[in-house]
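Everything on this sheet refers to the single structure shown next.
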Amino acid sequence: MTAEETRTLGARLSALLGPGDLVVLSGPLGAGKTTLVQGLAEGLKVRGPITSPTFVIARVHPSLSGGPALVHVDAYRLGGFPEVDDLDLDASLEESVTVVEWGEGLVEGLSEDRLEVHIERGAEGEERLVRLSGVGPRWSAVSLA
1 MTAEETRTLG ARLSALLGPG DLVVLSGPLG AGKTTLVQGL AEGLKVRGPI
51 TSPTFVIARV HPSLSGGPAL VHVDAYRLGG FPEVDDLDLD ASLEESVTVV
101 EWGEGLVEGL SEDRLEVHIE RGAEGEERLV RLSGVGPRWS AVSLA
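The numbers in the UniProt record's numbering rise by one with no breaks, and the one at position 61 of the sequence shown is 61.
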């Protein structure tokens with residue numbers, strides 16, 4: 001999967017997302033997590049630009065179309081759950097789509113329902129391998145194929 005295909009996947013996934021949804025992105029540096037979020041943002045029609053929030057930790061991108069805001073979080077520099085808790089993400093979780101890069105093992109306590117997206121770099125340069133899994137009742141009947 002190329003960068004453009006990763007963006008397209010994000011845009012397609014955005015059609016499944018609504019207020020209260022939590023998306024947890026994992027994968028190595030440079031795998032394409034932020035690229036996927038760019039596609040999600042395009043599909044959700046939120047204000048951009050979408051860049052990695054590594055140094056600001058979290059950005060809120062308001063909707064331009066009356067839909068949910070996108071809360072884009074980068075947990076890479078966070079030292080554990082207490083620092084995640086300090087972000088107070090649960091305050092906006094119900095009305096926003098919250099996407100957390102590097103959130104695996106840190107943000108699962110925010111919601112029993114979440115979409116987990118794992119991106120790996122393939123052997124062929126730009127190739128990406130993406131694995132989607134829904135967790136909890138919200139995702140039990142959603143086809144991610």
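Virtual Cβ for every residue (Gly too), placed ideally from N, Cα, C. Keep in mind it's a predicted model, so treat the numbers as computed, not measured.
Item, Value
"Would you check if the distance between the CB atom of R121 and the CB atom of P28 is smaller than 9 Å?", "yes"
"Roughly how many angstroms separate the alpha carbons of A15 and L44, rounded to a whole number?", "8 Å"
"Nearest to V97 by CA position, among M1, T8, V23 and R7, is which residue?", "V23"
"Which stretch, first to last residue, makes up the beta strand (DSSP E) that contains V73?", "A69 to D74"
"Please list, in chain order, all residues of the same chain as H72 whose beta carbon is under 6 Å from its beta carbon, the five residues on each side excluded.", "V37, P53, R59 and V99"
"Put V37 into one of helix, strand or coil per three-state DSSP.", "helix"
"From E126 to W102, what does the alpha carbon distance come to, in whole angstroms?", "20 Å"
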